[in-house]
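Take a look at the structure set out below.
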Amino acid sequence: MKKFIAICCTVFLFSTAVFSQEQDEDDDRFAVEYRMNEPGDQFINIGLMVTFPLNFGGDFPLYREGQLSTGGAGTIGYHRFLTSWFAVGLDVSFGYNPTIGENMFTYVPFVFCFTVQPTIKKFEFPITMGIGAAVESYLNRTYFPGLTLKPEAGIFYRVTPSWSFGIKGNFMYLPQWYEDSENNDHGNFSSVVIAARYHF
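Just so you know, the sequence shown maps onto residues -20 to -1, 1 to 180 in mature numbering (1 follows the signal peptide of the UniProt record, and there is no 0).
What follows is the structure, encoded as structure tokens:
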């Protein structure tokens, strides 16, 4: 009887050690890898910017001697990740630049965005190409739809899982084409953006 109990105890201890080793191996094999962004993650982007007119005369940073002076803009957008590093979305902005005659040139671009975003720890580096259309107004004249091309790059820091803050720089091309080509115009603007993003 004592031999039987000793054999049972030995078998029990041996089987426990074997199963526990297999479980440890399984745990190692299925280790979870954390990524800051996953497919299906979304964010809302809001920003305020200073906008410089690049080809209307005048000198950096205020361009007061040119046809357009330095202005400003606000932007809001919605974006969704299709992979952990690629997102698509839509940005809407409202911008203005004072003119030499103390009037205002205003524009409202609607831009579809395609973003590649590498990350290093809590830092995110969005690189975006945007294409869309804009409503452009000056005095009593409105131009629509105006082509909008907008490449952009920035750096963000993920403060919490829900919020990141950063700075971006962009270039915006706003051409105006008319039947009489002598009236065509090509607006080149550059902006520095302070932005916040809400992730969900």
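Quick reminder that beta carbons are idealized off the backbone N, C-alpha and C, glycines included.
T86 versus E104: straight-line alpha-carbon distance, rounded = 31 Å
Rounded separation between E2 and R15 - CA only = Caution is warranted here: a pLDDT of 48 is assigned to E2, below 50, making its placement in the model unreliable, and the coordinate value is therefore given only provisionally. Near 27 Å, if we compare the C-alpha coordinates of R15 and E2.
Does the Cβ-Cβ distance between V139 and G27 come in under 9 Å?
-> no
Buried/exposed call for Y178, threshold 16 Cβ in 10 Å = exposed
CB-CB length for S142 against F180, believed under 8 Å | 7 Å
Identity of the residue in I135, N17 and L127 nearest T108 by Cα | I135
How long is the line joining the alpha carbons of N83 and G146, rounded to whole angstroms?
-> 32 Å
In terms of residues, what are the limits of the beta strand (DSSP E) holding F32?
-> Q22 to P33
Looking only at DSSP bridge pairs, what is K130 linked to?
-> G110
Other residues of its chain near P41: CB distance less than 8 Å, five sequence neighbours each side excluded = F32 and T50
Around the Cβ of N77, are there at least 16 other Cβ atoms within 10 angstroms (buried) or fewer (exposed)?
-> buried
What three-state label does DSSP hand F180 in the structure shown?
-> coil
State the start and end residues of the unbroken beta strand (DSSP E) segment that holds R60.
-> G51 to F61
Please say whether N120 and W65 have beta carbons closer to each other than 9 Å?
-> no
Which ranges would you report for the beta strand (DSSP E) in the region 66 to 100 if only whole runs of at least 3 residues count?
-> 66 to 78 and 84 to 96
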